[in-house]
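>
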Amino acid sequence: MFRLLGSCCLLWLVLSLQLIAQTSQIHFLSGTDRENPAQWDFQIDKGRKSGSWQKINVPACWETEGFGEYSFGTVSSDEKAVYKHQFMALPTWQDKHINLVFEGVLTDAEVKLNGVNLGTHQGGYERFVFDVSSLLKLGTTNELEVAVSKRSTNAAIAQGKVPMWLFGGIYKPVYLEVLPPVHITGMTVETQAGGYLTAQIYINKKDNVQIAAYLQDMEGKTAGILLQSNIKPISADNTAGFQFTTTFSGVQAWSDELPQRYRLVTELQDSQGKVLHRTAQTVGFRTVAVKNDGLYINDKKMKLRGVKYRAHWHESGISVGRQISELDGLLLKELNANALYNPFYQPDAHLLDVCDSLGLYVIYTVAEGSAPAATIRRDLNHPSVILMAADSRSKLLEGRPVISPADVEELPIQSINDAVFTKTWQSVNNGKQMGLFLSSFADELVKEDGKPIEKPSANGGIVNAYRNPKPVFHAVAELWSPLQLSSETADGLFNGTLTVYNKFTFTNLSRCKFIWQLVDIANPLGGAVNPQIVESGTAFPPNVVPGVKDKLLLNLPANWQERDLLAVTALSPMGSEIYTWRFPITTQERNIPQLLLGEFAETAVPQKTNDGWELIGGDVVVSLHSSGYISAIKVQGKPLKIRGIAQSEAPVGTADIQQGTITFRYPESAAVRSISYALSDAGVLRIQYTGKEIAFSYAESLQEVSAFAAGPFPQGQTKGIPIGLHQHKTPLYEGDYRQFYWAKLRTTAVPISIMTTSDNVIMRLSSVGQILFTNASSGKAGTPSITTLFFKAGE
């Protein structure tokens, strides 16, 4: 038994060593990424920590490690630095082909190995490779030296097009690629929907070798085998390799909606069929065509919706790892974007891997001064990379069409509001442009001694530097959602029926899923205000093709009308959240405590004072100026720093007192026709006004706002923050609260609760210490609306 087990282990070890020998081995000299660096010796000629040898993390931008000087603009500072690193080369690498690979160095790099000058590379955004097979000293120490200039001597590279943070250093990984003596050097793959695939496989030697290839799904199951009869040598005399064209049956198309991926496994064999080298390339089957009327993906007209993207992290500059790519990719899907556009340079390979897996189309600009074949051949194999951008449409890069910046619309984040965005998006949808790209994904800042350094022109992102979405993010996510849910009522109240609009390009609605929740939200006078999910369930939508609307049946329980709110979340065929809509069920009047409404049947009669009137109820005293605004409020004898703002016109006649309610009337030309006040014995103040809006000032320091409403929205925005219970600390509470039911303002003094029985009320909280209440429907029918508000100080 022991001998058998030992034999099995030996066989496994032999097979494993054979497999390793057949595949490429990566031996990192640097760390794998910015999160997992290695330390090298380093000296810089000027700026911070200059003039002496020290340790530095690699990969990293040297500025974020405390060296040199930060640069912002179109031309970088001109520091120069030298890196040195010693490493062991394994004896088992005898007779191997070994490449020294730099994934990215900013900007000019002169490389030496064991004192031998390997050459110089210019350009910070492309990988470059040296064959070091004959220069490595196996079984002993080797020394790598890299001299780096932050500013390139190539003017085309040194001069940027737009101001940005500019960095220096070995900011991407450095490694040895250990290959068999005869090996695959690269491949170019082109696919189309329907399983069509054509490939060119490049090798370093072409004598007495052959190619075998097969297709796997991402779980490793064989999806197709390439027939040897389809494989031909590359016809060019100076190129060693093979080419083949085939059609695999039964494969699914790749798209932004369902990014189905496969692996093309390629084996280089000797004449007897022994595997010399094996590679695996992720592929996706999709057809890309640029026609006179726009872009087509898989024979469907496609409008790209995305952002201009540059990888940047506040702690590491443009030295980022896969974690940041995954974070940003998920944020783009949450935005309901389907594309990213890098107009600056070639993206990281791990970003393209993420885009392949999530379903994001990629356009990027070939960096100035780079060789297209060396720069983009690898990236064109990614299904996500659909187009290249350059200044001239006349070029073809590796046979792919090149678009110009005029083929897409750009919209600055700062100028976005509902009207501008909707108008621009409709124009793109109706025109020939391929898509709309927001001007920037993330704000860019750097840190020096732990303190952030910001530039206004680098802060135009749809998320901030820490990847927290800005308010406009959620508005765009709602407007770009490929599914749209709407209530059939004018006021947005849910009445039992929802309409769903399938705006997908490829996906039938039946492949999606909806999760519904019935929610109760307590009123602010009841203590805790946390929402309670009363019931939930799943709805499976009907068979609805793209471009069609239909009813969505939720199969809610019979008592659904007793709840406050309905939330509906749409899930994509991949199971990711598309968007969550919320619809109020209860009205403002039903939501308010009915006991509160009855308290005003008998209230104390207002008392006349020297400059106005005084209302007393419980431990609350409200003073009214003779012109009709609140001049002071006291709670338990202590002043509350909130008061009304006087109307622009004086009242007409004297105040009218009826059963404890005092009313001030204004001219018909005034924005407010009348204001009435009443104070209950429990200290609840009721304000009723006829007209558009009233305002209050407050000097109390707001700490937190809880509101049953939609928002808060910046001015001009009404989308993206659906109705619900929203809780924000300062200063995030600022903005418009629409579909307003109630709010609880926690101050340094006492909490203040505000409620309404009126619909279409908007509460605006501003940073200048004002609260504005607007009735959005006032005047629409020619008659001013009556708005009722209730205020309660204390718990």
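Here the numbering used here = 1-based position in the sequence shown + 240. In this text, a Cβ means the ideal position worked out from N, Cα and C, and glycines have one as well. Note that this is a predicted model, so its numbers are computed, not measured.
Taking C-beta to C-beta, are Tyr741 and Leu725 nearer than 9 Å?
In the sequence shown, the residue the question calls residue 741 occupies position 501. In the sequence shown, the residue the question calls residue 725 occupies position 485. Their beta carbons are under 9 Å apart, which means Tyr741 touches Leu725 by this criterion.
> If we call anything under 9 Å between Cβ atoms a contact, is Ile410 one with Val429?
Translated into the one-based positions of the sequence shown, residue 410 becomes position 170. Translated into the one-based positions of the sequence shown, residue 429 becomes position 189. Result no, Cβ atoms of Ile410 and Val429 do not sit closer than 9 Å.
> Would you call the region 544 to 555 in contact with the region 499 to 514, where contact means no fewer than 3 C-beta pairs closer than 8 Å?
Short answer: they don't touch.
> Could you check how far apart the C-beta atoms of Ala947 and Tyr977 are, in whole angstroms? I think they sit under 8 Å.
Locating residue 947 in the sequence shown gives position 707, counting from the first residue. Locating residue 977 in the sequence shown gives position 737, counting from the first residue. Indeed they touch by this definition, with Cβ atoms about 5 Å apart.
> Can you find a C-beta in chain C that's less than 9 Å from the C-beta of Glu718?
Of the protein chains in this structure there is only one, and it is not chain C.
> Please list the terminal residues of the continuous beta strand (DSSP E) segment that includes Pro952.
Here residue 952 refers to the residue found at position 712 of the sequence shown. Start and end: Leu942 to Phe953.
> Helix, strand or coil for Glu854? Go by DSSP, reduced to three states.
Within the sequence shown, numbered from 1, the residue matching residue 854 stands at position 614. Glu854 falls in the strand class under three-state DSSP.
> Note down, in chain order, each residue of its chain lying with its Cβ closer than 6 Å to the Cβ of Gly877, except the 5 sequence neighbours on either side.
Looking up residue 877 in the sequence shown gives position 637. The answer is none, since no qualifying residue turns up.
> Alpha carbon to alpha carbon, how far is Ala529 from Lys540? Give it in angstroms, no decimals.
Indexing the sequence shown from 1 puts residue 540 at position 300. Indexing the sequence shown from 1 puts residue 529 at position 289. Answer to the nearest angstrom: the Cα atoms are 10 Å apart.
> Among Val515, Asp533, Pro499 and Gly534, which has the Cα closest to the Cα of Thr522?
Stepping through the sequence shown from its first residue, residue 522 is reached at position 282. Closest by alpha carbon: Pro499.
> Here's the rule: buried if 16 or more other CB atoms are within 10 angstroms of the residue's CB, otherwise exposed. What is Asn831?
By 1-based counting over the sequence shown, the position of residue 831 is 591. Under this definition Asn831 is a buried residue.
> Classify Asn621 as helix, strand or coil using the three-state DSSP reduction.
Here the question's residue 621 lines up with position 381 in the sequence shown. Looking at Asn621 - three-state DSSP - the assignment turns out to be helix.
> Please specify which runs of the alpha helix (DSSP H), each continuous and at least 4 residues long, are wholly inside the region 697 to 752, giving them in chain order.
711 to 719, all fully within the region 697 to 752.
> Between Gly621 and the rest of its own chain, which residues show a CB-CB distance below 6 Å, the 5 nearest in sequence each way excluded?
On the sequence shown, residue 621 is found 381 positions in, with the first residue counted as 1. Per the sequence shown, residue 621 should be read as Asn rather than Gly. So the list reads Val429 and Gln521, once near-sequence residues are dropped.
> Measure the beta-carbon distance from Ala939 to Gly1009 and round it to whole angstroms, keeping in mind my assumption that it falls under 8 Å.
In the sequence shown, the residue the question calls residue 939 occupies position 699. In the sequence shown, the residue the question calls residue 1009 occupies position 769. Yes, they are in contact, since the Cβ atoms of Ala939 and Gly1009 sit about 6 Å apart, within 8 Å.
> Hey, quick one: how far does the beta strand (DSSP E) through Thr1038 stretch, first residue to last?
Past the edges of the chain, shown from 241 to 1035, lies residue 1038, and the structure says nothing about it.
> Look at the Cβ atom of Phe525, then the Cβ atom of Phe584, and state whether they are nearer than 9 Å.
On the sequence shown, residue 525 is found 285 positions in, with the first residue counted as 1. On the sequence shown, residue 584 is found 344 positions in, with the first residue counted as 1. It is not a contact, given that the beta carbons lie outside the stated cut-off.
> Is the number of C-beta pairs between the region 417 to 426 and the region 699 to 713 that are closer than 8 Å three or more?
No, because fewer than three Cβ pairs between the region 417 to 426 and the region 699 to 713 fall closer than 8 Å, the two stretches do not touch.
> For Val594, which three-state DSSP category applies?
For the purposes of this step, residue 594 is taken as the residue at position 354 of the sequence shown. Helix, per DSSP.
> Can the beta-carbon of Asn748 be found less than 9 Å from the beta-carbon of Pro722?
The count along the sequence shown starts at 1 and reaches residue 748 at position 508. The count along the sequence shown starts at 1 and reaches residue 722 at position 482. No.
> Looking at Leu516 and Thr486, is the spacing between their C-beta atoms short of 9 Å?
Here residue 486 corresponds to residue number 246 of the sequence shown, with the count starting at 1. Here residue 516 corresponds to residue number 276 of the sequence shown, with the count starting at 1. Not closer than 9 Å, so no.
> Would you mind reading off the limits of the beta strand (DSSP E) that contains Lys691?
If you number the sequence shown from 1, residue 691 lands on position 451. Lys691 -> beta strand (DSSP E) spans Lys691 to Glu694.
> Whole angstroms is fine: what's the gap from Ala611's alpha carbon to Arg617's?
Taking the first residue of the sequence shown as position 1, residue 611 is located at position 371. Taking the first residue of the sequence shown as position 1, residue 617 is located at position 377. Model confidence at Ala611 stands at a pLDDT of 48, short of 50, so the residue's coordinates are unreliable and nothing is read from them.
> Using the Cα positions of Ser290 and Leu384, report the straight-line distance between them to the nearest angstrom.
One-based indexing of the sequence shown puts residue 290 at position 50. One-based indexing of the sequence shown puts residue 384 at position 144. Those two C-alpha atoms are separated by around 21 Å.
> Using 10 angstroms around the beta-carbon of Trp302, count the other beta-carbons present and answer buried if the total reaches 16, otherwise exposed.
By one-based count along the sequence shown, residue 302 stands at place 62. Label assigned to Trp302: buried.
> Quick check: what's the CA-CA separation for Thr272 versus Phe368?
Residue numbering aside, residue 272 sits at position 32 when the sequence shown is read from its first letter. Residue numbering aside, residue 368 sits at position 128 when the sequence shown is read from its first letter. Roughly 17 Å separates the two Cα atoms.
> Is it buried or exposed, Glu1035, if we count other Cβ atoms within 10 angstroms and call 16 or more buried?
Locating residue 1035 in the sequence shown gives position 795, where the first residue counts as 1. Classification for Glu1035: exposed.
> Would you call the region 300 to 320 in contact with the region 277 to 285, where contact means no fewer than 3 C-beta pairs closer than 8 Å?
A contact exists between the region 300 to 320 and the region 277 to 285.
> So, with DSSP's three-state summary, where would you put Leu765?
As a position in the sequence shown, residue 765 is number 525, starting the count at 1. In this structure, Leu765 counts as helix in the three-state DSSP scheme.
> First and last residue of the beta strand (DSSP E) that includes Gly546?
Counting from one through the sequence shown, the residue named residue 546 turns up at place 306. Counting along the chain, the beta strand (DSSP E) containing Gly546 begins and ends at Leu544 to Lys548.
> In the structure shown, what three-state DSSP assignment does Val862 receive?
Within the sequence shown, the letter at position 622 stands for residue 862. Note: Val862 maps to strand in three-state DSSP.
> I'd like to check one pair, Pro403 with Thr263: are the Cβ atoms closer than 9 Å?
Taking the first residue of the sequence shown as position 1, residue 263 is located at position 23. Taking the first residue of the sequence shown as position 1, residue 403 is located at position 163. Their beta carbons are not under 9 Å apart, which means Thr263 does not touch Pro403 by this criterion.
> Would you report the Cα separation of Leu788 and Thr739, rounded to the nearest angstrom?
Within the sequence shown, the letter at position 548 stands for residue 788. Within the sequence shown, the letter at position 499 stands for residue 739. Just to set this straight, residue 788 is Val in the shown sequence, not Leu. Taking the straight line joining both Cα atoms gives about 11 Å.
> Report, in whole angstroms, the separation of the C-beta atoms of Phe904 and Ser914, which I expect to be a contact under 8 Å.
For the purposes of this step, residue 904 is identified with residue 664 of the sequence shown, where counting begins at 1. For the purposes of this step, residue 914 is identified with residue 674 of the sequence shown, where counting begins at 1. Correct: roughly 7 Å between the Cβ atoms.
> Expressed to the nearest angstrom, what Euclidean distance is found between the alpha-carbon atoms of Thr729 and Gly951?
As a working mapping, residue 729 is identified with position 489 in the sequence shown. As a working mapping, residue 951 is identified with position 711 in the sequence shown. Going by the C-alpha atoms only, they are around 20 Å apart.
> Strictly by DSSP, which residues pair up with Leu340?
As a working mapping, residue 340 is identified with position 100 in the sequence shown. Partner(s): Phe370 and Leu416.
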